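Residue numbers for the sequence shown follow full-length UniProt numbering, so the first one is 1 and each next one is one higher.
Each residue gets a CB set at the ideal place from its N, CA and C atoms; glycine is no exception.
In this text, all values refer to a predicted model and were calculated from it rather than measured experimentally.
A quick write-up on the structure given underneath.
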Amino acid sequence: MAAAKSDNAKGWALFGAVETGDLHAVAIQVLNGARVNWRNEYASGRTALMTAAARGHDDVVRFLIDRGADLDVQDTHGQTALMSAAYKSKPRVVRTLMKRGADPDLRSRLGKTARDMCFTDNCRQLLDQGVVFQRWLRRRELVVWGRRPR
(Lines of atoms letter the chains of each structure in order from A and count residues from 1; the text may use other names and numbers.)
(Lines give C-alpha, C1' and ligand atoms only; values in the text may rest on other atoms or scores of the structure.)
Protein backbone atom coordinates (compact mmCIF):
# COMPACT_ATOMS: atom_id res chain seq x y z
CA MET A 1 0.00 0.00 0.00
CA ALA A 2 2.80 2.42 0.84
CA ALA A 3 4.48 1.66 -2.49
CA ALA A 4 1.26 2.41 -4.38
CA LYS A 5 0.88 5.74 -2.59
CA SER A 6 4.51 6.57 -3.31
CA ASP A 7 4.11 5.69 -7.02
CA ASN A 8 0.95 7.78 -7.16
CA ALA A 9 2.63 10.77 -5.50
CA LYS A 10 5.59 10.55 -7.88
CA GLY A 11 3.23 10.27 -10.84
CA TRP A 12 1.37 13.40 -9.83
CA ALA A 13 4.62 15.29 -9.34
CA LEU A 14 5.83 14.19 -12.78
CA PHE A 15 2.56 15.32 -14.37
CA GLY A 16 2.86 18.71 -12.71
CA ALA A 17 6.37 19.18 -14.09
CA VAL A 18 5.35 17.96 -17.57
CA GLU A 19 2.40 20.35 -17.74
CA THR A 20 4.66 23.35 -17.18
CA GLY A 21 7.26 22.08 -19.65
CA ASP A 22 10.05 22.40 -17.08
CA LEU A 23 12.59 19.87 -18.36
CA HIS A 24 14.77 20.21 -15.27
CA ALA A 25 11.83 19.44 -12.96
CA VAL A 26 10.80 16.50 -15.17
CA ALA A 27 14.34 15.11 -15.03
CA ILE A 28 14.43 15.42 -11.24
CA GLN A 29 11.13 13.55 -10.91
CA VAL A 30 12.28 10.73 -13.21
CA LEU A 31 15.66 10.46 -11.49
CA ASN A 32 13.83 10.25 -8.15
CA GLY A 33 11.83 7.26 -9.33
CA ALA A 34 8.73 8.59 -11.10
CA ARG A 35 7.60 6.06 -13.70
CA VAL A 36 7.45 7.63 -17.16
CA ASN A 37 4.56 5.37 -18.20
CA TRP A 38 2.42 6.06 -15.10
CA ARG A 39 -1.18 6.62 -16.17
CA ASN A 40 -3.29 9.39 -14.68
CA GLU A 41 -6.60 7.66 -13.97
CA TYR A 42 -8.28 11.04 -13.45
CA ALA A 43 -7.27 12.17 -16.95
CA SER A 44 -8.57 9.22 -18.99
CA GLY A 45 -5.45 7.17 -18.39
CA ARG A 46 -3.13 9.65 -20.09
CA THR A 47 0.62 9.41 -19.65
CA ALA A 48 3.21 12.14 -19.17
CA LEU A 49 4.24 11.71 -22.82
CA MET A 50 0.69 12.38 -24.02
CA THR A 51 0.51 15.51 -21.89
CA ALA A 52 3.90 16.80 -23.06
CA ALA A 53 2.95 16.11 -26.70
CA ALA A 54 -0.38 17.93 -26.41
CA ARG A 55 1.30 20.94 -24.84
CA GLY A 56 4.08 21.04 -27.45
CA HIS A 57 6.97 20.50 -25.04
CA ASP A 58 9.32 18.86 -27.56
CA ASP A 59 12.34 18.72 -25.24
CA VAL A 60 10.25 16.98 -22.57
CA VAL A 61 8.86 14.56 -25.18
CA ARG A 62 12.40 13.61 -26.27
CA PHE A 63 13.53 13.19 -22.65
CA LEU A 64 10.59 10.93 -21.77
CA ILE A 65 11.13 8.79 -24.87
CA ASP A 66 14.83 8.47 -24.03
CA ARG A 67 13.78 7.27 -20.56
CA GLY A 68 11.51 4.56 -21.98
CA ALA A 69 8.13 6.21 -22.45
CA ASP A 70 5.82 4.03 -24.55
CA LEU A 71 5.14 5.89 -27.81
CA ASP A 72 2.00 3.99 -28.72
CA VAL A 73 0.18 3.53 -25.42
CA GLN A 74 -3.47 4.57 -25.71
CA ASP A 75 -5.65 6.31 -23.15
CA THR A 76 -9.23 5.23 -22.41
CA HIS A 77 -10.37 7.01 -25.59
CA GLY A 78 -7.76 5.17 -27.65
CA GLN A 79 -5.69 8.29 -28.21
CA THR A 80 -1.89 8.28 -28.37
CA ALA A 81 0.75 10.96 -27.88
CA LEU A 82 0.96 11.35 -31.67
CA MET A 83 -2.78 11.91 -31.90
CA SER A 84 -2.57 14.50 -29.11
CA ALA A 85 0.21 16.40 -30.88
CA ALA A 86 -1.62 16.26 -34.22
CA TYR A 87 -4.92 17.42 -32.71
CA LYS A 88 -3.23 20.33 -30.92
CA SER A 89 -1.25 21.24 -34.10
CA LYS A 90 2.22 20.74 -32.63
CA PRO A 91 4.28 19.96 -35.79
CA ARG A 92 7.63 19.86 -34.02
CA VAL A 93 6.35 17.19 -31.62
CA VAL A 94 4.66 15.30 -34.47
CA ARG A 95 8.04 15.20 -36.26
CA THR A 96 9.83 14.00 -33.12
CA LEU A 97 7.30 11.25 -32.44
CA MET A 98 7.36 10.06 -36.05
CA LYS A 99 11.18 10.00 -36.11
CA ARG A 100 11.18 8.00 -32.89
CA GLY A 101 8.79 5.41 -34.32
CA ALA A 102 5.27 6.32 -33.19
CA ASP A 103 2.67 4.35 -35.15
CA PRO A 104 0.59 6.75 -37.28
CA ASP A 105 -1.84 3.98 -38.24
CA LEU A 106 -3.24 3.37 -34.74
CA ARG A 107 -6.91 4.23 -34.41
CA SER A 108 -8.79 5.80 -31.53
CA ARG A 109 -11.99 4.27 -30.19
CA LEU A 110 -13.83 6.45 -32.70
CA GLY A 111 -11.77 4.98 -35.55
CA LYS A 112 -9.63 8.09 -36.12
CA THR A 113 -5.91 8.12 -36.90
CA ALA A 114 -3.49 10.93 -36.04
CA ARG A 115 -3.86 12.24 -39.62
CA ASP A 116 -7.64 12.42 -39.20
CA MET A 117 -7.10 14.61 -36.14
CA CYS A 118 -4.87 17.18 -37.89
CA PHE A 119 -6.24 20.66 -38.41
CA THR A 120 -3.19 22.04 -40.24
CA ASP A 121 -1.62 21.10 -43.55
CA ASN A 122 1.81 21.20 -41.91
CA CYS A 123 0.94 18.38 -39.50
CA ARG A 124 -0.78 16.42 -42.27
CA GLN A 125 2.30 16.66 -44.49
CA LEU A 126 4.59 15.54 -41.68
CA LEU A 127 2.39 12.53 -41.00
CA ASP A 128 2.18 11.64 -44.70
CA GLN A 129 5.96 11.85 -45.11
CA GLY A 130 6.51 9.87 -41.93
CA VAL A 131 4.09 7.12 -42.97
CA VAL A 132 5.88 6.64 -46.29
CA PHE A 133 9.27 6.54 -44.56
CA GLN A 134 8.14 4.14 -41.84
CA ARG A 135 6.57 1.77 -44.37
CA TRP A 136 9.77 1.82 -46.42
CA LEU A 137 11.84 1.23 -43.31
CA ARG A 138 9.68 -1.72 -42.25
CA ARG A 139 10.05 -3.30 -45.70
CA ARG A 140 13.82 -2.74 -45.65
CA GLU A 141 14.09 -4.37 -42.24
CA LEU A 142 12.15 -7.36 -43.48
CA VAL A 143 14.55 -7.74 -46.41
CA VAL A 144 17.58 -7.39 -44.13
CA TRP A 145 16.25 -10.18 -41.93
CA GLY A 146 15.70 -12.48 -44.90
CA ARG A 147 11.94 -12.19 -45.16
CA ARG A 148 10.06 -11.04 -48.20
CA PRO A 149 7.82 -8.03 -47.82
CA ARG A 150 4.11 -8.64 -48.31
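Taking every protein chain shown into account, the CB of F63 has 16 or more other CB atoms within 10 angstroms, so this residue is buried.
Between R39 and R46, the C-beta gap is smaller than 9 Å, which places the two residues in contact. When DSSP assignments are scanned along the UniProt repeat "ANK" (77–109), the uninterrupted stretches of alpha helix (DSSP H) that are 4 or more residues long and fall wholly within it turn out to be 81–87 and 91–99. Here A86 is not near A52, since their CB atoms are 9 Å or more apart.
Spanning the alpha carbons of M83 and E41 requires a straight line of approximately 19 Å. Boundaries of the alpha helix (DSSP H) harbouring R55: A48 to R55, taken from the DSSP string. Excluding sequence positions up to five before and after L49, its CB lies within less than 6 Å of the CB of L64, A69 and A81, all in the same chain and listed in chain order. With respect to R109, H77 sits close: the two C-beta atoms are nearer than 9 Å.
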